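> In terms of my numbering, the sequence shown opens at residue 1092 and continues consecutively.
All residues carry an ideal CB built from backbone N, CA and C; glycine is no exception.
Please read these numbers as outputs of a predicted model, since none were measured by experiment.
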Amino acid sequence: MSFETVIEVDNHHIDHLNHLNHVETVRFIEQGRSDWLQMCGLYTLGVETIDGPSRYGSVVVNINYNYRRECMLGELLRITTQPQHLGHKSYHLRHEIIKPDGSIAFDGQVTSVVMDLTTRDIVPVPDC
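1. When you compare only the Cα positions, how much space is there between residue 1207 and residue 1186?
2. Using a Cβ-Cβ cutoff of less than 7 Å, which residues in the same chain neighbour residue 1169 once the five nearest sequence positions on both sides are dropped?
3. Whole angstroms is fine: what's the gap from residue 1197's alpha carbon to residue 1181's?
4. Helix or strand or just coil, what does DSSP make of residue 1130?
5. Rounding to the nearest angstrom, what Cα-Cα distance links residue 1105 and residue 1171 in this structure?
6. With a threshold of 8 Å on Cβ separation, who are the neighbours of residue 1161 within its own chain once the five nearest residues in sequence on each side are excluded?
7. What does DSSP give as the partner residue(s) for residue 1181 in the beta ladder?
8. Reducing DSSP to helix, strand and coil, say where residue 1210 ends up.
9. Take residue 1124 as the anchor and find which of 1164, 1113, 1203 has the nearest alpha-carbon.
10. Assign residue 1071 to one of three DSSP states: helix, strand, or coil.
11. Please work out which residues of its chain come closer than 8 Å, Cβ to Cβ, to residue 1151, disregarding the five sequence neighbours upstream and downstream, and give them in chain order.
12. Where does residue 1201 fall in DSSP's three states?
13. Per DSSP, what are the beta-bridge partners of residue 1174 in this structure?
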């Protein structure tokens, strides 16, 4: 199940080269991943559950990013997040940042595990 987040490049997102700063790009991808996790019920930010607040959390264990094109001030970017693999103990998400003209400015893959925040153990990945 894929998810899309739209973010506009604002003044605080750009660097001295007048394009989207690489750190902000990672934050955009993190926002897309967080939105996907909430949609799947794997992450409940600030929500009390039967087991307490946010019993499970997602932990990034590997990142591979490719910067392909500049993103500029004022552009509305689509951040897509799509699972590539849901395993027993880990999952892989593919991310893309798509410019208004449809070109891919950024792509990458993130491997994560799910942690029980009470026991600090890695637990099986729930179905999504």
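In brief:
1. 25 Å
2. 1095, 1097, 1189
3. 23 Å
4. helix
5. 21 Å
6. 1110, 1111, 1196
7. Per DSSP, none; premise fails for residue 1181.
8. coil
9. 1203
10. There is no way to answer for residue 1071, as the model of the chain reaches only from 1092 to 1219.
11. 1201, 1202, 1203
12. strand
13. 1184
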